[in-house]
Amino acid sequence: MPVSVAHSRLIHDALKACGVRLVSALPETWLVHLIRFAEEDPDMILVRLAKEEEGVGISAGAHLAGVRSAMLMQNHGFLAAINGIVSCAQLYRIPLLMLISHRGELGEKDPWQTEGGIVTEPLLSALRIPFARLESPDQVAPRIAKAQTLAHSASRPVALLLTRDLMWEEA
Amino acid sequence: MTRLEALRAVYPELERRVVVTIMGAVAAELQSLGHRPSFFYLQHAMGLASSLGLGIALCRPDQQVVVLDGDGSILMNLGGLTTLARYRPRNLVHVVFDNESLLSVGGFPTATSTGSDLAGIAAAAGVPRTRTVRTLEEFTAAFGEALAAGDLTTLVAKVEAVGPAAYVTDLTLLENRYQFQRCLRERKGTNA
Chain E
88 MPVSVAHSRL IHDALKACGV RLVSALPETW LVHLIRFAEE DPDMILVRLA
138 KEEEGVGISA GAHLAGVRSA MLMQNHGFLA AINGIVSCAQ LYRIPLLMLI
188 SHRGELGEKD PWQTEGGIVT EPLLSALRIP FARLESPDQV APRIAKAQTL
238 AHSASRPVAL LLTRDLMWEE A
Chain V
283 MTRLEALRAV YPELERRVVV TIMGAVAAEL QSLGHRPSFF YLQHAMGLAS
333 SLGLGIALCR PDQQVVVLDG DGSILMNLGG LTTLARYRPR NLVHVVFDNE
383 SLLSVGGFPT ATSTGSDLAG IAAAAGVPRT RTVRTLEEFT AAFGEALAAG
433 DLTTLVAKVE AVGPAAYVTD LTLLENRYQF QRCLRERKGT NA
C-alpha cells in the first residue's frame, strides 16, 4: 500500500510534540498508518469511532477534562461531522484540531471521492474554520504546531488538509 | 414517574459527580433543582452528550461521570453506543430518560413509542450493564447500584412526557462551559 509511512510518522510525532494525548479516528486508506501509530503509542489514547461526529463530542469532553486531542478523518467524515462541529465545538468555543485527508483532488482515481473533494475547502470557508494544506514533509511539524496554537488561542476548530502529495507515494 | 421526580430522587448523588446532560427539559429541570459547577448542559449537538461524557471519562478516570441522555438524543447517535461499549469506561453511568417523544419540539413520538428497546440496543452494542425501569423506586435503586457497580451502565428510565414551562435559564452556555472546565481542573479524585 503506497500510503507514506514516513510522512505518517512525521504527522504522529508532530501531534505528540504539541501535546496531543487523545486521537479519535475513523479508518480510511490514507490514515491507516496514523491510526496504527496512535494505537501502538502508550502515551496516546486512540478512540475508534462509528461515525466522525462522535469525535467532536469526545474531543470536547477531553478538552473540558484538560486533555489535548485531535480528530483524524476523511473529508467525507468532516461532512458527516458538521452539525457537531457547529453546535458543539463552535457554540461552546472548543479548540478542535482536525486532520482531514483530502480525497477527491487532482489525481483522484476513485469516482466516489470526487464530489467530496470539490466541496471540502468551500465548506471549511463557509464555516469560518481556518485551514492549511499539508503538501510536503517540511510543512508538517510547523503547520501542525501553528494550527494547535491557533485552535487554543481562538478556542475554535482549525483544520489541516492532508493532501495526496504528502500521503500517497505513487507506485 | 416524571423525569423531575427521578432527578430529585438522585440529586444528592449527582451533586458529588461530574454530570453531562442533553439540551431542553433535562437541562432546565436539573438546573431547577440547583446548578452545580460540575454540571454541564450540552444545549445543542443532539446525540453527542454520551460522546462528550465518554471523552471526559477516558481523560479523567479519577472522576465518576453521569450522562443524562434522552430517547430522541440517543436515537441520533446509536453508533455511539458501540463506541461507549468498545472503550467501556468503568466510571460512566449513562441514564436515558425515555419519554417516547421529542417533547421540546411538540411531542412527536420517537421509535421507542413503537417498540424500539434502548436498553436492548445498548446491551446488543456491548454495554455490560443495562436495565429498563418504570417506577421511581426502581430507578432510585438501579441508579445507586450503577454508581456502586464500577462498570459502564446504560439505565433506561421510562418517564412521563411532561417537562418544564420554559427551557431557557439565566445560565449562559459559555458561562457554564468555562465554569465546568475550571471545576474539573480543580477537582481531586472522588472515584475512590
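Protein chains in written order, with my numbering: chain E, 88 to 258; chain V, 283 to 474. Quick reminder that beta carbons are idealized off the backbone N, C-alpha and C, glycines included. Computed from a predicted structure; not experimentally measured.
Assign PRO294/V to buried or exposed, taking buried as 16 or more other Cβ atoms, counted over all protein chains shown, within 10 Å of its Cβ. exposed
Beta-bridge pairing of VAL302/V - partner residues as DSSP gives them: PHE322/V, VAL349/V
Give the list of continuous alpha helix (DSSP H) stretches no shorter than 4 residues that lie fully inside the stretch 150-222 of chain E. 162-167, 201-213
Selection from ILE181/E, VAL143/E, ARG230/E, GLU115/E that minimises the alpha carbon distance to PHE462/V: PHE462/V has its Cα closest to that of ILE181/E, out of ILE181/E, VAL143/E, ARG230/E, GLU115/E.
Short of 7 angstroms in beta carbon distance, which residues of its chain neighbour ARG251/E, apart from the five on each side in sequence? Order them along the chain. GLU192, GLY194
Under 8 angstroms between beta-carbons, which chain E residues line up against PHE322/V? List them in chain order, please. LEU151
At 8 angstroms on the CB atoms, spell out the chain V contacts of CYS267/E, in chain order. One cannot answer for residue 267/E here, as it falls past the ends of chain E, which runs 88 to 258.
Taking 6 angstroms as the line, does the beta carbon of ALA157/E fall inside it for any heavy atom of the ligand GTP? Here there are no bound small molecules, and the ligand GTP is not part of this structure.
Quick check: is the beta carbon of THR417/V nearer than 7 angstroms to any beta carbon in chain E? no
Less than 7 angstroms between the C-beta atoms of ALA167/E and GLU202/E, yes or no? no
Entirely within the stretch 376-462 of chain V and at least 3 residues each: give me those beta strand (DSSP E) ranges in chain order. 411-415, 435-440
Let me know if VAL134/E comes out buried or exposed under the rule of 16 or more other beta-carbons within 10 Å of its beta-carbon. buried
Who pairs with VAL110/E in a beta bridge, going by DSSP? LEU133/E, ALA157/E
Check the C-beta distance from VAL375/V over to GLY352/V and give it rounded, since I have them as a contact under 8 angstroms. Separation of the CB atoms of VAL375/V and GLY352/V is rounded to 15 angstroms, and the pair is thereby denied contact status at 8 angstroms.
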